[in-house]
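Engineer: This structure is in structure tokens; I'll ask about it shortly.
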Ligand code: GDP
Ligand code: MG
């Protein structure tokens, strides 16, 4: 029977894993190996995928994939760790590259996803110095510096991986980092509440002959289980010191960093150079290969890489290492030939692929080592808290309403909680504008400061509170583990549009910012799926588009703000789905990928760390204000100011004089009473202010930006947009917030009262053309405009990210073109249909 035949709650033992290539590799890394027990936890709401428990982790598989795993319900087949051959001791010391004691220690954080690497990283780097992204590397590897006991630690947070084969870009990245950057110490972060699977990665580090220190993180969760674990004994056996830590509370870090220093200085006696014994036959091949690699002429390679590790990888047929050997070994051909022959022989002997043989040996070693050092508390089939929560949030009936409610709540909260701080910031900028106008003499410079900079940047910065709230909720969902459940419940639906439940997480992240979301597609193994996901992520409304929505919704949809915003976001999701379906049917023909995904246990998010991450993102937003938005506002203002159109000023002056004279005459002729006089004065002021507004308009239209706007107006006229909206859209190509700052520069304050931008928008009327006298903005126009904002060209940063991730400009250009065309069509239909229906 196969895993797919089991019903909820049933247990079975794995007999064989069928299937090939990437699927097989991944599934084995995740712990689906012969002799292990699997429990069926539950089906997703739409029956597929299915959640299993293996090695203490909850992992989801699709039914079709589960059918590839042969199992038996006879629990006597459970593995007894038969492969355990112990370790092989080696003579030479681990310091492969002798170093003078330098007071800087480079530490690389390596470990499974969700083992707590980032938590440790944040806690440590919190103490000092900058946290910056790695330049030139597209994947997120953060670096931080801090001091401990006189040493400078340079900590690098690497992406989480289950292994360091070259199966995903992350794994390849981690491997290349270890090989090329040669960190002094590897800090292997291990989830000690479920240690078995985590140690798989550790065995690979052992193969690589690296100096490793293990952080037994989640020690609190381990303690709760009540198991016994003689970690000192295990540390001795594998020659790697281990230190218990509780990342979330910052406990054990002092000891951990002390230990790192000891190991760095070769003071720690536990550290030994050992190897996992893969059994006689394999060891024989390794020894032969090692000899062949270790000849003179290959030093270029062997100073960086352990020959033993290379030999193993060559036996496994790892394409990356084969390339490496080809490139830098003098006897490459001989080595590869020998490796291939040996590999075939061993595979035949075991009737398994070489990779499986080695993986089994690794798990066999882990199991044996744990049998000697780890004792589970008396079996209690405890129903964990995570199970209870999952029973509700992945329930057949409740799951989707709960998800939609969570999203809706998020948007409501951003409005209602964000309103007040938003007004305060608005008032602050108004006040700054006023002060500037009072302090500085009237000049182009003053106008630049008050209209261009304070107006432009201030128009966007007021949305900071809303954005912080939005990020707060997204971070909360990520940190608690709910995001993974969302991927689980939507997999079947995503499958319908040809994608994978996993694509949904980058899509959700896209609500924050599309750029990291596009980077997050790296967790999607299949190249086509990755590309399709990247191409639809821009339909996820990022926080930069958000100010535009808020502005227009506040101005024109006062009654249903949360619902309208929610609707726009939903429409974006719908479009993403539709486009994915089209892409999969046309350019990227269907090929399904395994849905092997971990469902981490729910963890109570630490309030402080959520706040910190939220603020971190808020800071990035502010930085963007200070740089690109500031620059764009100044450019837009300049384009709108020059050429200044002096002749209009002159004309205005003449007319002002005329008006003044006319009224003065009237007053004289009529011998008016004081009351009449006041009336006349009022009339005069009104005329003058109309004259002034008219002049500003003429000047603006005469300026460069006016000319650009007028030039593109015919294209956007059918969508219900005026030329200023067109200019705002063009400017928004740099970053969507600029749409708002541009609008606040182009629709400036015309009279003495300080009106908010939404008030100004409500008052705009066409001054010429067929629509003369009609309001520029109606709810319909606002809707059409918001849809355009949602769909068209995302922003330069996104286009660049897609270029980086896909490797060519082709897809970036394609994206730029198809989104803008689609936006135009959708807005056209909306506006024209809406107008016909009389909105
Ligand atoms: P990463 O994927 O390895 O970077 O893991 P994270 O640092 O993002 O941590 C995953 C989750 O585990 C977060 O919700 C953390 O708050 C939580 N966490 C980290 N360390 C501990 C710990 O020692 N104990 C407990 N209970 N939770 C922890
Ligand atoms: Mg992390």
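In our numbering, the protein residues as written are 3 to 841.
For every residue, glycine included, the Cβ atom is placed at its ideal position computed from N, Cα and C.
What I want to know is whether the C-beta of residue 60 ends up closer than 7 Å to one or more non-hydrogen atoms of the ligand GDP.
Structural biologist: Because no heavy atom of the ligand GDP lies under 7 Å away, the Cβ of residue 60 does not count as near it: no.
Engineer: Among residues of its own chain, excluding the 5 on either side of residue 18, which ones have a beta-carbon nearer than 7 Å to its beta-carbon?
Structural biologist: Cβ neighbours of residue 18 beyond the five flanking positions: 36, 72.
Engineer: Secondary structure at residue 405, three-state DSSP: helix, strand or coil?
Structural biologist: The answer is helix: DSSP assigns residue 405 an H, G or I state.
Engineer: Taking only the alpha-carbon atoms, compute the straight-line gap between residue 109 and residue 221 and give it to the nearest angstrom.
Structural biologist: The alpha-carbon atoms of residue 109 and residue 221 are separated by roughly 21 Å.
Engineer: Does the beta carbon of residue 584 fall short of 7 Å from some heavy atom of the ligand GDP?
Structural biologist: Residue 584 Cβ: outside cutoff for every heavy atom of the ligand GDP.
Engineer: Between which two residues does the alpha helix (DSSP H) harbouring residue 581 extend?
Structural biologist: Here the alpha helix (DSSP H) through residue 581 covers 563 to 587.
Engineer: Does residue 243 come out as helix, strand or coil in the three-state DSSP assignment?
Structural biologist: It is coil, neither helix nor strand.
Engineer: Cβ-heavy atom distance between residue 117 and the ligand GDP below 7 Å?
Structural biologist: Yes, since a heavy atom of the ligand GDP falls inside the 7 Å radius drawn around the Cβ of residue 117.
Engineer: Run through DSSP, which three-state label would residue 267 get?
Structural biologist: It is coil, neither helix nor strand.
Engineer: In three-state terms, what does DSSP make of residue 392?
Structural biologist: Reduced to three states, the DSSP call for residue 392 is helix.
Engineer: Within the same chain, show all residues whose beta-carbon is closer than 6 Å to that of residue 803, passing over the 5 residues directly before and after it, in chain order.
Structural biologist: Same-chain partners within the cutoff: 517, 520.
Engineer: With C-beta atoms as the reference, is residue 747 less than 8 Å away from residue 457?
Structural biologist: Yes, these two residues count as a Cβ contact at 8 Å.
Engineer: Heavy atom of the ligand GDP less than 7 Å from the Cβ of residue 120, yes or no?
Structural biologist: Indeed, a heavy atom of the ligand GDP lies less than 7 Å from the Cβ.
Engineer: The ligand ADP and residue 241: does the residue's C-beta get closer than 7 Å to at least one heavy atom of that ligand?
Structural biologist: With respect to the ligand ADP, the structure offers nothing, as its ligand set consists of the ligand GDP and the ligand MG.
Engineer: Between residue 394 and residue 827, what straight-line distance do the alpha-carbon atoms span, to the nearest angstrom?
Structural biologist: Near 41 Å, if we compare the C-alpha coordinates of residue 827 and residue 394.
Engineer: Should residue 190 be listed as close to the ligand GDP, given that the test is whether its C-beta is under 7 Å from any heavy atom?
Structural biologist: No, since every heavy atom of the ligand GDP falls outside the 7 Å radius drawn around the Cβ of residue 190.
Engineer: Tell me where the alpha helix (DSSP H) around residue 200 begins and ends.
Structural biologist: Per DSSP, residue 200 belongs to the alpha helix (DSSP H) from 197 to 209.
Engineer: With distance defined between alpha-carbon atoms, name the residue in 439, 467, 176 nearest to residue 454.
Structural biologist: Per the Cα distances, 439.
Engineer: Curious, which full-length beta strand (DSSP E) runs of at least 3 residues does the stretch 764 to 818 contain?
Structural biologist: Correct list: empty.
Engineer: Taking the straight line between their C-alpha atoms, what separation do you get for residue 333 and residue 213?
Structural biologist: The straight-line gap from Cα to Cα measures roughly 29 Å.
Engineer: Would residue 176 be called buried (16 or more neighbouring beta carbons within 10 Å of its own) or exposed?
Structural biologist: Residue 176 should be labelled buried.
Engineer: Within a Cβ cutoff of 8 Å, which residues of the same chain sit near residue 524, ignoring the five residues on either side of it in sequence?
Structural biologist: These residues qualify, in order along the chain: 141, 161, 170, 171, 172, 532, 807.
Engineer: Does the distance between the C-beta of residue 330 and the nearest non-hydrogen atom of the ligand GDP fall short of 7 Å?
Structural biologist: No, the beta carbon of residue 330 sits no closer than 7 Å to any heavy atom of the ligand GDP.
Engineer: Consider the Cβ of residue 581: report whether some Cβ of chain C lies at a distance smaller than 8 Å.
Structural biologist: The chain labelled as chain C is not found in the depicted structure, where only one protein chain is given.
Engineer: Would you say the beta carbon of residue 647 comes nearer than 7 Å to a heavy atom of the ligand GDP?
Structural biologist: For the ligand GDP, not one heavy atom lies less than 7 Å from the Cβ of residue 647.
Engineer: By the three-class DSSP mapping on this structure, what secondary structure does residue 59 have?
Structural biologist: Strand, per DSSP.
Engineer: Given residue 44, which residues of its chain have a CB within under 8 Å of its CB, disregarding the five upstream and five downstream residues?
Structural biologist: Same-chain partners within the cutoff: 10, 52, 53, 392, 393, 396.
Engineer: For residue 266 and residue 621, I'd like the C-alpha separation in whole angstroms.
Structural biologist: Rounded to whole angstroms, residue 266 to residue 621 spans 36 Å at the Cα level.
Engineer: Check residue 5 in the structure and name its three-state DSSP category.
Structural biologist: Residue 5 falls in the helix class under three-state DSSP.
Engineer: Starting from residue 480, trace the alpha helix (DSSP H) both ways and give me its first and last residue.
Structural biologist: Element bounds for residue 480: 466 to 482.
Engineer: Residue 650 to residue 569, Cα distance in whole Å?
Structural biologist: Those two C-alpha atoms are separated by around 45 Å.
Engineer: If you reduce the DSSP assignment to three classes, tell me which class residue 230 lands in.
Structural biologist: It is a strand residue.
Engineer: Put residue 139 into one of helix, strand or coil per three-state DSSP.
Structural biologist: In this prediction, residue 139 scores a pLDDT of 34, lower than 50, which makes its location untrustworthy; the coordinate-derived value is nonetheless stated afterwards. Coil.
Engineer: What's the call for residue 258, buried or exposed, on a 16-neighbour Cβ count within 10 Å?
Structural biologist: The residue in question, residue 258, is buried, as its Cβ has 16 or more Cβ neighbours within 10 Å.
Engineer: Could you give the C-beta distance for residue 707 and residue 741, rounded to a whole number, given that I count them as a contact under 8 Å?
Structural biologist: Not quite, the Cβ-Cβ distance comes to about 14 Å (not below 8 Å), so this is no contact.
Engineer: Is residue 485 close to the ligand GDP? I mean its beta-carbon at under 7 Å from any heavy atom of the ligand.
Structural biologist: For the ligand GDP, not one heavy atom lies less than 7 Å from the Cβ of residue 485.
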